[in-house]
Every structure is written in structure tokens, then in C-alpha cells.
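With positions in the sequence shown counted from 1, the corresponding number in the working numbering is that position plus 28.
Just so it is clear, CB atoms sit at the ideal spot from N, CA and C, and this is done for glycine as well.
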Amino acid sequence: MSGVISGFTVIFIMVGVGVVLGRTGALGDHGHEVLSRLVFFVCTPALLIYSLITTDLSVIFSSTLVIAGGSALAVGALYFLIAKLVLHRETPEVVIGALSSSYVNSVNLGLPIAIFVLDDASFIAPLLLFQILIYSPLALVTLDKTALQRGGGNPLRDAVILPLTNPILIGGLVGIAISVIGWMPPQAVLEPLKMLGNASVPGALLAFGMSLTGVAVFKKGQSPRRDIALATVLKMIVMPALVYVIARWGFGEEGHKLFAQVVIAALPTAQNVLVYATRYRRGQVLARDTALITTLASIPVIMIIAWLLA
């Protein structure tokens, strides 16, 4: 249980620093947006390249990849259908909401919990790669086509070309290509990638904290309450329950492995979603409020899971 507390303490401290930066205006009027763009265009791609170069890709071919990836897609699709058919939201907001309901905080909270609670960081690797290499590109392609209003053209051609202009996907493809050919770049190349990649997580957390400045979370008339409530319920209740069912009866997992799968599913919404929302200027309040609420809710949820399954 101390690992859970430790992981959340790290996050709250970093977010708190971001709040202070926002309130004092230390980074200027556009500090939040600039920092978000830095994380999106530079730090996260560098993190991907370095991680893929230095990681054995065989770890992604496991039951965790199918369970975590399949459940994320299922929950995201469920949100998409409800938001479109019942709430009648526009596609960019629906995409951000779908990510908010199923995109797991696998780095800044997932890794500490995997290390301190699950005693095995390999549990988080398949989900991390799935989200960055498959889930994010799917969402970002849709946002490129809808939020940026890039109409016309050949749909098939755009589906191929647009992802290749996205720095997140480019970083993933470069990392995989280098890893597959088995080439290890010299230390002089790896070290800058590592330094930039290490700035991705704290940068996203600081940007998240800065986004909270001068705003009231879940405020009536400003915050899309129904959308946030839907995303939160799907993320903190439906997704862990679905993973339990799939892992327990679909793959026959039990004991520590089953416990690990459910804990990973109960991690809160990643701050990366807010970075994407800021980049496309759609659904920012939805992403921000859902990330904060699920982060707070995940503390008792993970403790309950630990009590029931650990």
C-alpha cells in the first residue's frame, strides 16, 4: 500500500508545482500552451525513441497487450457511441472524451505503482506501447481530420499521410525501426534522447497543474458535467471490471497476475490527453477535469482492489 501512496505523492507534488507556476505567471501568459506543445512535439517523441531502442520488444507480445489494449478500445468505443448517440457531441470532443475514459496514466503513475506495488515494471510496458503506437495514432488521425478541419482530398491517402506528420507516431516508428534492425546508437545520441524523454512526464504534469489555475473543476455552466461523469465512471469502474472479466475468465489468470491487470486498468486518465486537447483546442476542460477527478478517485479504487485481490 505504501507504493500506491508514494506514486500518488509524486504526482500531486508535480501538479502542485504547476499550479504555483500558473498562479504566479512565472512562465508568462502562454506558458501552459507552450509547455504542452514542447511535450507533444519534442519530449514525448524522444521518450518513445529512447524507450523502444532500449527495451526488448518481445515484452509487448503477452496477454497484457491483448487484455489492456482490448479493454481500452472497448471502453473508448462505448464512450464514443454514448457521446455521439445520446449526448450528441461533435467528433473532436467525443474523441477527447473517449481517450479520457480509457487512456491510462501508464508512465508517471503506472511505472511507480508497477515497481512499488506490483514489483514488476514489465506489466506496464505492453500498455504503454499500445497506447502510444496504436491508440494515440488512431485518435490523432481523427482529430487531424475533424478538429483541424482538413476536408477534401483522398481519404485513403490522408489516412496514410496524416499520421506520418504526427510527432508522436514518428517517434514510435523510428524507435521500432532502430530496435528491429538491432542497432544501438552511440551514447552521444542516446543521452540527449534520454534527457528530452525524461522531461516528458514532469512536463505533462506541470502543464496539467498550470491548466488548473483560475478555474473551478466541474463548475456548472463551464464544465461538461455529463461528459466528465460518463468518462469517469467508464474509467474507474467499467474498465477495471471489464479487465477482471477478460483476464479471469478469458485468459484464466489469477493471483498476482490478475491483481496486476486490474490495478493497471484502475490507473487514472493520463495527462497526455490534456496535451492532445490543448494541441487541437478541443475538449480541454473535459480532459483536465476528468484527469483530476480520476486521479483522486483512483486512490480509493486501487486500495479496494489491493484489499480484494492482492
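request  = May I have the straight-line CA-CA distance separating T52 from F40, to the nearest angstrom?
outcome  = Residue numbering aside, residue 52 sits at position 24 when the sequence shown is read from its first letter. Residue numbering aside, residue 40 sits at position 12 when the sequence shown is read from its first letter. Using only the alpha carbons, I get a separation of about 18 Å.
ask   = Where does S130 land, buried or exposed, given buried means 16+ other C-beta within 10 angstroms?
value = As a first step, residue 130 must be located in the sequence shown, where it is residue number 102. Buried, because 16 or more other Cβ atoms sit within 10 Å of the Cβ of S130.
message = Between which two residues does the alpha helix (DSSP H) holding Q312 run?
response = Indexing the sequence shown from 1 puts residue 312 at position 284. DSSP places Q312 inside the alpha helix (DSSP H), whose first and last residues are Q312 to L337.
Beta-carbon gap between L168 and I196 smaller than 8 Å = On the sequence shown, position 140 is the one that residue 168 refers to. On the sequence shown, position 168 is the one that residue 196 refers to. Yes, they are a contact pair.
request  = From the DSSP output, read off the bridge partner residues of T297.
outcome  = Residue mapping note: residue 297 aligns to position 269 of the sequence shown, counting from 1. T297 is bridged by DSSP to V132.
query = In chain order, what residues of the same chain have a beta carbon less than 8 Å from the beta carbon of G203, not counting five sequence neighbours either side?
reply = Mapped onto the sequence shown, residue 203 falls at position 175. If we look at G203 and ignore the five residues flanking it on each side, its Cβ neighbours are L76, I77, Y78, S79, L80 and I81.
inquiry  = With a threshold of 7 Å on Cβ separation, who are the neighbours of P183 within its own chain once the five nearest residues in sequence on each side are excluded?
reply    = Looking up residue 183 in the sequence shown gives position 155. Note that P183 scores a pLDDT of 49, beneath 50, so its modelled location is shaky and nothing firm can be said.
task = Report buried or exposed for L258, applying the criterion of at least 16 other Cβ atoms within 10 angstroms of its Cβ.
result = For this step, residue 258 is matched to residue 230 along the sequence shown. With 16 or more neighbouring CB atoms inside 10 Å of its own CB, L258 falls in the buried class.
task = Determine the direct distance from the alpha carbon of L324 to that of S34, and round the result to whole angstroms.
result = Stepping through the sequence shown from its first residue, residue 34 is reached at position 6. Stepping through the sequence shown from its first residue, residue 324 is reached at position 296. Looking at the two C-alpha atoms, the distance is approximately 14 Å.
query = Does the beta-carbon distance from G237 to G44 come in below 8 Å?
reply = Counting from 1 along the sequence shown, the entry for residue 237 is found at position 209. Counting from 1 along the sequence shown, the entry for residue 44 is found at position 16. Between G237 and G44, the C-beta spacing is below 8 Å.
ask   = Applying the criterion that 16 or more other CB atoms from any shown protein chain within 10 Å of the CB defines a buried residue, is A205 buried or exposed?
value = Counting from 1 along the sequence shown, the entry for residue 205 is found at position 177. So A205 counts as exposed.
query = Taking all protein chains shown into account, do 16 or more other C-beta atoms lie within 10 angstroms of the C-beta of Q312, making it buried, or fewer, making it exposed?
reply = Stepping through the sequence shown from its first residue, residue 312 is reached at position 284. Taking every protein chain shown into account, the CB of Q312 has 16 or more other CB atoms within 10 angstroms, so this residue is buried.
task = Apply the 10 Å Cβ neighbour rule to E121 and answer buried if 16 or more other Cβ atoms are within range, or exposed otherwise.
result = For this step, residue 121 is matched to residue 93 along the sequence shown. Flag for E121 reads buried.
query = At what residues does the alpha helix (DSSP H) containing P271 begin and finish?
reply = Within the sequence shown, numbered from 1, the residue matching residue 271 stands at position 243. The identity of residue 271 in the sequence shown is Val, whereas the question assumes Pro. Its alpha helix (DSSP H) spans residues M267 to V273.
query = Does the beta-carbon of T297 have 16 or more other beta-carbons within 10 angstroms, so that it is buried, or is it exposed?
reply = Counting from 1 along the sequence shown, the entry for residue 297 is found at position 269. Counting Cβ neighbours within 10 Å, T297 comes out buried, since at least 16 surround it.
query = For S248, does the three-state DSSP call read helix, strand or coil?
reply = Counted from its first residue, the sequence shown places residue 248 at position 220. Going by the sequence as given, residue 248 is Lys instead of Ser. K248: coil per DSSP, three-state reduction.
ask   = How big is the Cα-Cα spacing for K263 and L171?
value = In the sequence shown, counting from the first residue as 1, residue 263 sits at position 235. In the sequence shown, counting from the first residue as 1, residue 171 sits at position 143. Approximately 21 Å between the Cα atoms of the pair.
key: Cα-Cα separation between Q215 and L224, rounded to whole angstroms   = For this step, residue 215 is matched to residue 187 along the sequence shown. For this step, residue 224 is matched to residue 196 along the sequence shown. In this structure, the CA atom of Q215 is about 14 Å from the CA atom of L224.
key: Endpoints, the alpha helix (DSSP H) within which P214 is located   = Position 186 of the sequence shown, counting from 1, holds the residue named residue 214. Premise fails: P214 is in no alpha helix (DSSP H) and is neither H nor E.
Three-pair Cβ contact test at 8 Å for the stretch 274–294 versus the stretch 83–99 = Yes, they touch.
ask   = Whose C-beta lies closer than 7 Å to the C-beta of T318 among residues of the same chain, with five residues either side of it excluded?
value = By one-based count along the sequence shown, residue 318 stands at place 290. In chain order, S128, I256, A259, T260 and T297 place their CB closer than 7 Å to the CB of T318, counting only its own chain and leaving out the 5 sequence neighbours on each side.
message = Assuming contact is defined by CB atoms lying nearer than 8 Å, are L314 and I124 in contact in what I supplied?
response = Taking the sequence shown and counting its residues from 1, the one referred to as residue 314 is at position 286. Taking the sequence shown and counting its residues from 1, the one referred to as residue 124 is at position 96. Taking 8 Å as the cut-off, the beta carbon of L314 is found closer than this to the beta carbon of I124.
key: Between the CA atoms of A54 and H284 - distance to the nearest angstrom   = Residue 284 sits at position 256 when you count from the first residue of the sequence shown. Residue 54 sits at position 26 when you count from the first residue of the sequence shown. Spanning the two alpha carbons is a distance of roughly 45 Å.
key: Test item: CB-CB of R316 and S239 under 8 Å   = Translated into positions along the sequence shown, residue 316 becomes position 288. Translated into positions along the sequence shown, residue 239 becomes position 211. Going by C-beta atoms, R316 is nearer than 8 Å to S239.
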